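*Asks:*
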Amino acid sequence: MKLNVRGISHSSYYFHKRVLDMINAAKFNSLFENDHFLEFVYATLSTWGLERLDGKARLIKFIKFKESVLKNLDMLLKMAQVKFRKNSELN
522 MKLNVRGISH SSYYFHKRVL DMINAAKFNS LFENDHFLEF VYATLSTWGL
572 ERLDGKARLI KFIKFKESVL KNLDMLLKMA QVKFRKNSEL N
């Protein structure tokens, strides 16, 4: 399947793909021990334009972002176990 990335910046696609590749290559909970994973997540949010969405949202400094992720790691790991289904699967 060919991915259509028209309209998506190369850096946005690159960082998002790196995050997905890292998730697929390792146990999810071990990813948070890797600064590179968190850096790629942070870069993805930045290239997605988080700070431009409504003019109010701001990306905090990386060290604060990392501290917040690690502080909430238990909750994030629980959320990662949630499986989403399509509406058609609910009927």
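Note that the working numbering has the sequence shown beginning at 522, numbered continuously upward.
The beta-carbon is built from N, C-alpha and C at its ideal position, and this holds for glycine as well.
Predicted, not measured: the structure shown is a model, and the values here were computed from it.
Please check the pair LEU591 and PHE553, which I expect to be a contact at CB under 8 angstroms, by giving their CB distance rounded to whole angstroms.
*Replies:* Translated into the one-based positions of the sequence shown, residue 591 becomes position 70. Translated into the one-based positions of the sequence shown, residue 553 becomes position 32. That belief holds up - the Cβ atoms of LEU591 and PHE553 are roughly 7 angstroms apart, short of 8 angstroms.
*Asks:* Please report the straight-line C-alpha distance between MET522 and LEU566, rounded to a whole angstrom.
*Replies:* Against the sequence shown, residue 522 aligns to sequence position 1. Against the sequence shown, residue 566 aligns to sequence position 45. Interpretation of MET522 is limited by its pLDDT of 37, a score under 50 that renders its predicted location unreliable; no figure is taken from the coordinates.
*Asks:* Please report the straight-line C-alpha distance between ARG539 and SER551, rounded to a whole angstrom.
*Replies:* Within the sequence shown, the letter at position 18 stands for residue 539. Within the sequence shown, the letter at position 30 stands for residue 551. So the alpha carbons of these two residues sit roughly 16 angstroms apart.
*Asks:* Apart from the five residues just before and just after ILE569, which ones in its own chain have a Cβ nearer than 7 angstroms to its Cβ?
*Replies:* The sequence position of residue 569 within the sequence shown is 48, counting from 1. Residue identity differs from the one stated: residue 569 is Trp in this sequence, not Ile. Excluding residues within five positions, the ones whose Cβ falls inside 7 angstroms are SER533.
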